[in-house]
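Written below as structure tokens is the structure these notes are about.
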């Protein structure tokens, strides 16, 4: 069985020309960061895309990506293979996953790649919005609200951006699932390759300078009380406790 430390997560976000996808709106930015063993690997996938249509004014107000900026950028067809290889087999961690997954499926469908037009067949999809609602019912669970709740610095998020938001979501997801909000870089970009994937760790802002936790040893009085408690458990159970079996039985 695959060990937890070996599981591969891709934290993903997209920006679009507007919504809904059924009205012909397209993806204009994809941002992903890779996490293995609850650590950033240093690999990411990031690209801006030419959507061959104008963006709604309301969408531009959210992400700040203008039509003029996207002129000359690659189309989804140009990056589809590289993007699919990056996410294939991973657990995709997405905030409000139905939105992003719907757009990604549509992009593959428009290329006629119908075998890829349901990415849930190739990846596990984990929706952090649903996770947050289950853990914090009745509260605001936007990405900004979760950053505030888990004390994650999002001061640089004046506008939405797929790569920045995926970095912040990585912090939020780890905080919600294990309390770890400082992500070490495993490999520090050692696997860097390709135009959109292998950035050095300096491009990803992490919490630094946090002091190591102290190891506090039990006092003699605490050890004595512990021994008395184990003896009482053994007397009540008619045999040694599991703790005693595991710690007192000689190895070999």
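Numbering (full-length UniProt numbering), first residue to last: 1 to 252.
Yeah, the Cβ is synthetic: ideal placement off N, Cα and C, and Gly gets one too.
Annotation for residue 146: no beta strand (DSSP E) segment contains it, though the alpha helix (DSSP H) segment containing it runs 143 to 149.
Rounded to the nearest whole angstrom, the C-alpha separation of residue 173 and residue 100 is 17 Å. Residue 43: member of the beta strand (DSSP E) spanning 39 to 48, first to last residue. In the DSSP assignment, residue 31 is bridged to 13 and 46. Between residue 56 and residue 18 the beta-carbon gap is near 3 Å, inside 8 Å, which marks them as a contact. Residue 164 has its alpha-carbon roughly 18 Å from the corresponding atom of residue 141. The alpha-carbon separation between residue 11 and residue 93 amounts to approximately 5 Å.
Proximity to residue 130 across 61, 95, 223 and 30 peaks at 95, based on C-alpha coordinates.
Residue 170 counts as buried, since at least 16 other C-beta atoms from the protein chains shown sit within 10 angstroms of its C-beta.
Inclusion of residue 87 and residue 147 in the CB contact set at 8 Å is not warranted, their separation being larger than that value. Within the DSSP bridge table, the entry for residue 125 names 92 as partners.
In the three-state reduction of the DSSP assignment, residue 152 falls in the coil class. Check the Cα spacing between residue 7 and each of 37, 108 and 81: the tightest is with 37. Counting along the chain, the unbroken alpha helix (DSSP H) around residue 176 starts and ends at 162 to 178.
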